Amino acid sequence: MGTFSRIFGSGNKDLQKRADEILLKISKALQSASAKMCVSAKEWVEGEYHKLKELEEEVIELEREADVLKEDLVENILTQHAFMPQISEERNSLVNRLDDIIDAAENAVRVITLGSGVEPPEEIAKLAKECWRCTDLLQDAVKYLFKDFKKAIKMTRELEITREKARDIQFELLGKICTKSDYKPHELMLFHIASEKVLDVAVQAEEAGDYIRELAVKYS
Amino acid sequence: MEPLLLALVLVIGFVVAFAIGTNDETMSPAVGARVFTLKVAIILGGFINIIGAISLGGGVSDKVGSDLVGGLVLTNAMIFAILISMAIWLLAASATKGLPISTTQAIVGSVIGVAIFAPFLGETGWGIDAIQWNVVAEIFIGWVISPLIGFFVAGIIFAGIRRLQRRAEGLTGRERQEQIAGYGLAVFLIITGLSRGGNDVANAIAPLVSIPEFQGTLSLAGFSFSAVIIPLLVGGIGMAIGLAVVGRKVIKVLATEVVTLSPSSALAASISVALIMLVGTYIGLPLSGTHVLVAALIGVGWVSQEQVKKKQVKDILISWVITVPISAVFGILVYMVTFLIF
Numbered sequence: 000m001g002t003f004s005r006i007f008g009s010g011n012k013d014l015q016k017r018a019d020e021i022l023l024k025i026s027k028a029l030q031s032a033s034a035k036m037c038v039s040a041k042e043w044v045e046g047e048y049h050k051l052k053e054l055e056e057e058v059i060e061l062e063r064e065a066d067v068l069k070e071d072l073v074e075n076i077l078t079q080h081a082f083m084p085q086i087s088e089e090r091n092s093l094v095n096r097l098d099d100i101i102d103a104a105e106n107a108v109r110v111i112t113l114g115s116g117v118e119p120p121e122e123i124a125k126l127a128k129e130c131w132r133c134t135d136l137l138q139d140a141v142k143y144l145f146k147d148f149k150k151a152i153k154m155t156r157e158l159e160i161t162r163e164k165a166r167d168i169q170f171e172l173l174g175k176i177c178t179k180s181d182y183k184p185h186e187l188m189l190f191h192i193a194s195e196k197v198l199d200v201a202v203q204a205e206e207a208g209d210y211i212r213e214l215a216v217k218y219s
Numbered sequence: 000m001e002p003l004l005l006a007l008v009l010v011i012g013f014v015v016a017f018a019i020g021t022n023d024e025t026m027s028p029a030v031g032a033r034v035f036t037l038k039v040a041i042i043l044g045g046f047i048n049i050i051g052a053i054s055l056g057g058g059v060s061d062k063v064g065s066d067l068v069g070g071l072v073l074t075n076a077m078i079f080a081i082l083i084s085m086a087i088w089l090l091a092a093s094a095t096k097g098l099p100i101s102t103t104q105a106i107v108g109s110v111i112g113v114a115i116f117a118p119f120l121g122e123t124g125w126g127i128d129a130i131q132w133n134v135v136a137e138i139f140i141g142w143v144i145s146p147l148i149g150f151f152v153a154g155i156i157f158a159g160i161r162r163l164q165r166r167a168e169g170l171t172g173r174e175r176q177e178q179i180a181g182y183g184l185a186v187f188l189i190i191t192g193l194s195r196g197g198n199d200v201a202n203a204i205a206p207l208v209s210i211p212e213f214q215g216t217l218s219l220a221g222f223s224f225s226a227v228i229i230p231l232l233v234g235g236i237g238m239a240i241g242l243a244v245v246g247r248k249v250i251k252v253l254a255t256e257v258v259t260l261s262p263s264s265a266l267a268a269s270i271s272v273a274l275i276m277l278v279g280t281y282i283g284l285p286l287s288g289t290h291v292l293v294a295a296l297i298g299v300g301w302v303s304q305e306q307v308k309k310k311q312v313k314d315i316l317i318s319w320v321i322t323v324p325i326s327a328v329f330g331i332l333v334y335m336v337t338f339l340i341f
């Protein structure tokens, strides 16, 4: 079957199964990283600064694990003719997008950790929560992409709306820090960067959602 | 026949087959859909051409282009002029821009050129009046309607396939459908490739089959076989080498530079071509397989809303329009040479 698959450019079922498992693991890692980012923001707002470093390390570990999974998928599965070439490309593209979200979550947590000792506006926790909701919806969209195109498209639409809400919260936050005069310049800069980094998780999730919708529309 | 002349006609047969092989686009849907890599398509296509030539090319009886000059018998000099000029144009189109040319179109152009010019070399009964213009008109109509039929039939078949594909609710199901379509396409193209190999080699070696040396039986290591296997093998190998050396360019153009294909759309296009050619042959409509295929690829691309590369399509259309006059000119030039040899 292996040689046959190689000639015809399709099919090793064992590899396909492994690819599905890896995609699921990356998807879980993404959701876990996003959840930790949400917790980090909450702890930051609540002044539990001592927990931030530990959360940062956990997210970095998750990001590394996801990278290993991604490399395994690309080097040991997609290049070994597990799928037909265009399907391999699409899966690779999807996994890269999911990995980008984990990277974004890591960046956000790192910036939050830098803010230990500085009291942030509470909107940052609200923002992180909406971003986490985006990745939650994305995880569902990934799951449904393989089972039900209609539901996958529905999830990506909801994701889009949630991302818009997150953007509104970010502007609320920016409005607050820009009009409140008792923040020091370095604090202003920190909150601005933190909000950008946290929102980036939602933006990346929306991009991955758009790609999922593109695939769902293309194949439905 | 003298050994030297026999060798010469075999070489000509090989060169003509080589040229036909350079313009063999059979495997392009599979390469476009990425079911086969270009390398696999060329190797597989080469083997299929040889097997098809040996197994299906034996029934060669019609003289090339004889319908066009009804009642008149083409001389050997004319037949070789027609074949060589066709080979020159096919080679030129394949090697320069990788354009898929209709072999039939090239033959028709050469026959017209040779038939019109023959009186200048002292052949009586030839000239413009010798050409069956009603047959030419019929063939011309076939060329015009071939792409239209190819476009619409492939579009309708692929639209039907897409309706069936919508039954799959998720990517897992769709991926399985595409994989099945990929296997189906591979098998389908192997079968049609065998038939095409047989038909095309017939064009290349038709004049060789009637030579007495190839009509008996030969014995080798205790096995006896028909001597016609020699020109068939020469033709098959010629096509395979032509495909390997130059043919990749034509496959690449059709596979990647006209429209983006998926296994299911490529399968729809290939099935459409086979169906159209079958019905066309049955009702006696002279259709061009190349024209039908190109149009079918555009048809499935239109249904799947893939962008059609207009520049490439324009080049292909221009090459189709100029094929007949250019082949006619080549036919005349080559005939002036073959007239001196045969």
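As they're listed, the protein sequences go chains H and A.
By numbering that gives the first Met the number 0, the letter at position 138 of the first sequence is numbered 137, and the numbering carries on one by one without gaps.
By numbering that gives the first Met the number 0, the letter at position 16 of the second sequence is numbered 15, and the numbering carries on one by one without gaps.
Backbone N, C-alpha and C define an ideal beta-carbon position, used for all residues, glycine too.
None of the values given here were measured: they were computed from a predicted structure.
**Report entry** Cβ neighbours of residue 340(A) in the same chain (closer than 6 angstroms, five flanking residues each side left out)
**Finding:** Start at 1 with the first residue of the second sequence, and residue 340(A) comes out as number 341. Cβ neighbours of residue 340(A) beyond the five flanking positions: none.
Requested in this report: Spell out whether any CB of chain A is found under 8 angstroms from the CB atom of residue 144(H).
Outcome: Along the first sequence, read from residue 1 onward, the residue named residue 144(H) stands at position 145. Output row for residue 144(H): interface = yes.
Query raised in the report: With distances taken between CB atoms, is the gap from residue 290(A) to residue 118(A) smaller than 8 angstroms?
Result: Here residue 290(A) refers to the residue found at position 291 of the second sequence. Here residue 118(A) refers to the residue found at position 119 of the second sequence. No, the pair does not count as a contact, with Cβ atoms beyond the cut-off.
Query - Against chain H: residues of the region 163 to 176 of chain A by CB proximity under 7 angstroms - result: Hits within the stretch, in order: 165, 168, 169, 170, 171, 173, 174.
Query raised in the report: Just the Cα atoms here: how many angstroms apart are residue 210(H) and residue 171(H)?
Result: Locating residue 210(H) in the first sequence gives position 211, where the first residue counts as 1. Locating residue 171(H) in the first sequence gives position 172, where the first residue counts as 1. Each residue's Cα considered, the two are about 29 angstroms apart.
Query raised in the report: Which of the residues in the region 212 to 226 of chain A, read from start to end, lie with their CB under 7 angstroms from any CB of chain H?
Result: If the cut-off is 7 angstroms between Cβ atoms, the region 212 to 226 of chain A has nothing near chain H.
Query raised in the report: Near residue 251(A), which residues of its chain fall below 7 angstroms by C-beta distance, leaving aside the five closest residues on each side in sequence?
Result: Position 252 of the second sequence, counted from the first residue, corresponds to residue 251(A). Here the set comprises 37, 97.
Requested in this report: Below 7 angstroms CB to CB, which residues in the same chain sit around residue 271(A) once its five sequence neighbours on both sides are set aside?
Outcome: Position 272 of the second sequence, counting from 1, holds the residue named residue 271(A). Excluding positions up to five away in sequence, the list reads 149, 152, 153, 156, 295.
Query - In DSSP terms, what residue 216(A) is bridged to - result: Taking the first residue of the second sequence as position 1, residue 216(A) is located at position 217. BP columns for residue 216(A) point to 225(A).
Query raised in the report: the region 62 to 92 of chain H: which residues have C-beta closer than 8 angstroms to a C-beta of chain A, in chain order?
Result: Listed by position, the residues of the region 62 to 92 of chain H near chain A (Cβ gap below 8 angstroms) are 82, 83, 84, 85, 86.
Report task. Examine chain H for any beta-carbon lying closer than 8 angstroms to the beta-carbon of residue 178(A), and answer yes or no. Result -> Locating residue 178(A) in the second sequence gives position 179, counting from the first residue. Chain H, which has a Cβ nearer than 8 angstroms to the Cβ of residue 178(A), makes this yes.
Report task. Establish whether the CB of residue 214(H) and some CB of chain A are separated by less than 8 angstroms. Result -> Taking the first residue of the first sequence as position 1, residue 214(H) is located at position 215. It does; some Cβ of chain A falls within 8 angstroms.
Query raised in the report: In or out: residue 197(A) buried (at least 16 other Cβ within 10 Å) or exposed?
Result: On the second sequence, position 198 is the one that residue 197(A) refers to. With 16 or more Cβ atoms within 10 Å of its Cβ, residue 197(A) is classed as buried.
**Report entry** Where residue 210(H) meets chain A, residues with beta-carbon distance less than 7 angstroms
**Finding:** As a working note, residue 210(H) is residue 211 in the first sequence. Listed along the chain, the chain A residues whose CB falls inside 7 angstroms of the CB of residue 210(H) amount to none; the nearest CB is some 12 angstroms away.
Query raised in the report: Touch check for the region 178 to 193 of chain A and the region 257 to 269 of chain A: three-plus C-beta pairs under 8 angstroms?
Result: With three or more CB-CB distances shorter than 8 angstroms, the region 178 to 193 of chain A counts as touching the region 257 to 269 of chain A.
Query raised in the report: Just reading off the alpha helix (DSSP H) that residue 258(A) is part of, what are its end residues?
Result: As a working mapping, residue 258(A) is identified with position 259 in the second sequence. From DSSP, residue 258(A) is part of no alpha helix (DSSP H); its letter is neither H nor E.
**Report entry** Other residues of its chain near residue 108(H): CB distance less than 7 angstroms, five sequence neighbours each side excluded
**Finding:** If you number the first sequence from 1, residue 108(H) lands on position 109. Result list for residue 108(H): 35, 36, 39, 54, 55, 58, in chain order.
Query - Given 8 angstroms, three or more beta-carbon pairs between the region 103 to 118 of chain A and the region 319 to 335 of chain A - result: Yes, since at least three Cβ pairs between the region 103 to 118 of chain A and the region 319 to 335 of chain A fall closer than 8 angstroms, the two stretches touch.
**Report entry** Length at least 4, wholly inside the region 143 to 211 of chain A: the alpha helix (DSSP H) runs in chain order
**Finding:** Those alpha helix (DSSP H) runs which fall completely within the region 143 to 211 of chain A and span 4+ residues are 170 to 208.
Query raised in the report: chain H beta carbons: is any one of them nearer than 8 angstroms to that of residue 262(A)?
Result: The sequence position of residue 262(A) within the second sequence is 263, counting from 1. Interface residue, yes.
Query raised in the report: Does the Cβ of residue 203(H) have 16 or more other Cβ atoms within 10 Å, making it buried, or fewer, making it exposed?
Result: Looking up residue 203(H) in the first sequence gives position 204. Label assigned to residue 203(H): buried.
Query raised in the report: Among the residues of its own chain, which have a CB less than 7 angstroms from the CB of residue 247(A), if the five just before and after it don't count?
Result: What you label residue 247(A) is simply residue 248 of the second sequence in a count that begins at 1. The residues are 37, 41.
Report task. Look up residue 35(A) in the DSSP assignment and say whether it is helix, strand or coil. Result -> Translated into positions along the second sequence, residue 35(A) becomes position 36. Correct three-state label for residue 35(A): coil.
Query raised in the report: Just reading off the alpha helix (DSSP H) that residue 334(A) is part of, what are its end residues?
Result: The sequence position of residue 334(A) within the second sequence is 335, counting from 1. For residue 334(A), the enclosing alpha helix (DSSP H) covers residues 309 to 340.
Query raised in the report: Where in the region 142 to 167 of chain H do unbroken runs of the alpha helix (DSSP H), each at least 4 residues long, occur, reported from the N-terminal end onward?
Result: Entirely contained in the region 142 to 167 of chain H, not one alpha helix (DSSP H) run reaches 4 residues.
Query raised in the report: Going by the beta-carbon positions, is the gap between residue 44(H) and residue 163(H) smaller than 8 angstroms?
Result: In the first sequence, residue 44(H) corresponds to position 45, counting from 1. In the first sequence, residue 163(H) corresponds to position 164, counting from 1. Not a contact, by the Cβ cut-off of 8 angstroms.
Query raised in the report: Are the C-beta atoms of residue 195(A) and some chain H residue less than 8 angstroms apart?
Result: Taking the second sequence and counting its residues from 1, the one referred to as residue 195(A) is at position 196. Not closer than 8 angstroms to any Cβ of chain H, the Cβ of residue 195(A) fails to qualify, so no.
Report task. Tell me whether residue 48(H) sits in a helix, a strand or coil according to DSSP, three-state version. Result -> For the purposes of this step, residue 48(H) is taken as the residue at position 49 of the first sequence. If DSSP states are grouped into helix, strand and coil, residue 48(H) belongs with coil.
Query raised in the report: Closest by CA to residue 123(A), which one among 165(A), 138(A), 72(A), 224(A)?
Result: Numbered from its first residue, the second sequence carries residue 123(A) at position 124. For the residues 165(A), 138(A), 72(A), 224(A), the minimum Cα distance to residue 123(A) belongs to 72(A).
Query - Rounded straight-line distance, which links the Cα of residue 224(A) to that of residue 173(A) - result: Locating residue 173(A) in the second sequence gives position 174, where the first residue counts as 1. Locating residue 224(A) in the second sequence gives position 225, where the first residue counts as 1. Each residue's Cα considered, the two are about 50 angstroms apart.
Query - Within-8 angstroms CB hit, residue 181(A) to chain H - result: Here the question's residue 181(A) lines up with position 182 in the second sequence. So yes, residue 181(A) belongs to the interface.
Requested in this report: Could you tell me whether the region 228 to 238 of chain A touches the region 19 to 29 of chain A, where touching means 3 or more Cβ pairs closer than 8 angstroms?
Outcome: With the cut-off at 8 angstroms, the region 228 to 238 of chain A and the region 19 to 29 of chain A touch.
Query raised in the report: Closer than 9 angstroms, Cβ to any Cβ of chain H: which residues of the region 31 to 49 of chain A, in chain order?
Result: Only 32, 33, 34, 35, 36, 39, 43 from the region 31 to 49 of chain A bring a Cβ to less than 9 angstroms from some Cβ of chain H.
**Report entry** C-alpha gap between residue 2(H) and residue 11(H), whole angstroms
**Finding:** Looking up residue 2(H) in the first sequence gives position 3. Looking up residue 11(H) in the first sequence gives position 12. Unreliable positioning characterises residue 2(H) in this predicted model, as indicated by a pLDDT of 45, which lies under 50. A coordinate reading is not provided.
Requested in this report: Measure the alpha-carbon distance for residue 384(A) versus residue 77(A) and round it to whole angstroms.
Outcome: Here chain A has residues from 0 to 341 only, and residue 384(A) is not among them.
Query - Within-8 angstroms CB hit, residue 139(H) to chain A - result: Position 140 of the first sequence, counting from 1, holds the residue named residue 139(H). Interface residue (Cβ-Cβ distance to chain A less than 8 angstroms): residue 139(H) is not classified as such.
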